[in-house]
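Okay, structure first, notes after.
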Amino acid sequence: MSGWNPWHGCDKISAGCKYCYVYRSDEKYDRNAREVRKNASFYDPIKKKRDGSWKLPSGEIIYTCFTSDFLLDKADEWRKEAWDMIRQRQDAMFLFITKRIHRFYDCIPEDWGDGYDNVIICCTVENQQMADYRLPIFINAPIKHKLIVCEPLLEEIDLRKYLTPEIRQVSVGGESGVDARECNYDWILSIRQQCIDADIPFEFRQTGTHFRKDGRLYTIPRKLHSSQAKKANINTHKQILTK
Ligand code: SF4
Numbered sequence: 078m079s080g081w082n083p084w085h086g087c088d089k090i091s092a093g094c095k096y097c098y099v100y101r102s103d104e105k106y107d108r109n110a111r112e113v114r115k116n117a118s119f120y121d122p123i124k125k126k127r128d129g130s131w132k133l134p135s136g137e138i139i140y141t142c143f144t145s146d147f148l149l150d151k152a153d154e155w156r157k158e159a160w161d162m163i164r165q166r167q168d169a170m171f172l173f174i175t176k177r178i179h180r181f182y183d184c185i186p187e188d189w190g191d192g193y194d195n196v197i198i199c200c201t202v203e204n205q206q207m208a209d210y211r212l213p214i215f216i217n218a219p220i221k222h223k224l225i226v227c228e229p230l231l232e233e234i235d236l237r238k239y240l241t242p243e244i245r246q247v248s249v250g251g252e253s254g255v256d257a258r259e260c261n262y263d264w265i266l267s268i269r270q271q272c273i274d275a276d277i278p279f280e281f282r283q284t285g286t287h288f289r290k291d292g293r294l295y296t297i298p299r300k301l302h303s304s305q306a307k308k309a310n311i312n313t314h315k316q317i318l319t320k
């Protein structure tokens, strides 16, 4: 998987944003994450290397817009050009995660139709309230490849009525950072069972910092969040998001 980060910065929009890593890292460098700016890497999808091959390789999933939200209103003026590049790169898949699926119809290009073949959209929901708000919009939207991401998972979520056959995967994980809110393994196992019942691939991506299992609260260093989740060995099917 390679990455393309066309713009940087974002506005907090829901509970899952409370300890957003973009804010945390910008604070370290005395920058304001609310000041959204176009990155120098904006045109990376259409840049070529000396040997004529694409800078962002063909045949890969390109993780898009990872320090912002692709559907952010402050990026409206840049999105058309971004779509133009995505349309041009039919040889690669573009994947973005959004907390703004309610802006979907304001943001798609004119020729979107029933979705671009090379775009994967992940709708993120952190609690039941956001699941009940975002997922009805998401499951009804014309998108060719749909994933649900429950990260940071803040409580047990009942996803059952949203696990329709076109959902290609559900990923879950806890929150990182020193102030991170606790994630309970029981919530993860509950979503896993819902996915098994609906025959939808499931992935446990990371434990987060404060992880409760069998009643015991563990503090897990950042570098072990993914490996500890992997050790649980509870993923099903072949995973799409795993790096
Ligand atoms: S939507 Fe994502 S990038 Fe934007 S503030 Fe929330 S967590 Fe951060």
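Here our numbering is used: position 234 in the sequence shown is 311, and no number is missing along the way. Note that CB positions come from ideal geometry on N, CA and C, so glycine has one too.
**Selected residue, minimal CA-CA separation from Arg111, among Arg127, Tyr120, Ser130 and Cys87** = Cys87
**Prompt:** Does at least one heavy atom of the ligand SF4 sit under 7 Å from the Cβ of Cys97?
**Reply:** Result yes, Cβ under 7 Å from the ligand SF4.
**Residues near Cys94 by beta carbon distance below 6 Å, same chain, minus five either side** = none
**Prompt:** Closer than 7 Å: is that where the CB of Cys227 sits relative to any heavy atom of the ligand SF4?
**Reply:** no
**Asked** Taking just the CA atoms, how far does Arg293 sit from Ile163?
**Response** 46 Å
**Asked** In chain order, which continuous runs of the beta strand (DSSP E) of length 3 or greater are located wholly inside the stretch 94–167?
**Response** 138–141
**Item:** Residue ranges of each alpha helix (DSSP H) within the stretch 246–275, 4 or longer
**Value:** 262–275
**Buried or exposed (CB count within 10 angstroms, at least 16 for buried), Gly136** = exposed
**Reduced DSSP category for His207 - H, G, I as helix; E, B as strand; rest coil** = For the sequence presented, residue 207 should be read as Met rather than His. If DSSP states are grouped into helix, strand and coil, Met207 belongs with the helices.
**Item:** Local Cβ density within 10 Å of Ala152, reported as buried at 16 or more and exposed below that
**Value:** Buried.
**Message:** Quick check on Lys320: buried or exposed, where buried means 16 or more other Cβ atoms within 10 Å of its Cβ?
**Reply:** Residue placement at Lys320 is flagged as unreliable, the pLDDT there being 43, under the threshold of 50; the coordinate-derived value follows with that caveat. Result: exposed.
**Prompt:** Where Thr296 and Arg211 are concerned, what is the direct C-alpha to C-alpha distance, given to the nearest angstrom?
**Reply:** Using only the alpha carbons, I get a separation of about 31 Å.
**Prompt:** How would you call Arg258, buried or exposed, if buried means at least 16 neighbouring beta carbons within 10 angstroms?
**Reply:** buried
**Asked** If you pair each beta-carbon of the stretch 226–233 with each one of the stretch 245–264, do three or more pairs fall below 8 Å?
**Response** yes
**Message:** Is it the case that the stretch 175–194 contacts the stretch 139–156, given that we only count it when at least three CB pairs across the two stretches are under 8 Å?
**Reply:** yes
**Item:** Nearest neighbour of Met170, chosen from Pro122, Pro242, Phe215 and Asp103 [CA to CA]
**Value:** By alpha-carbon distance to Met170, the top candidate from Pro122, Pro242, Phe215 and Asp103 is Pro122.
**Item:** Nonlocal neighbours in the same chain, by C-beta distance under 6 Å from Arg139, ignoring five residues either side
**Value:** It should be pointed out that residue 139 corresponds to Ile in this sequence rather than to Arg. Ser79, Trp81, Leu133, Ala169 and Phe171, listed in sequence order.
**Request:** Would you check whether the ligand SF4 has a heavy atom nearer than 7 Å to the C-beta of Lys89?
**Result:** yes
**Prompt:** Shortest alpha-carbon distance to Ser267 belongs to which of Leu224, His302 and Ile311?
**Reply:** Ile311
**Request:** Output the distance between the C-alpha atoms of Asp274 and Lys105, rounded to the nearest integer angstrom.
**Result:** Asp274 and Lys105 have their C-alpha atoms some 43 Å from each other.
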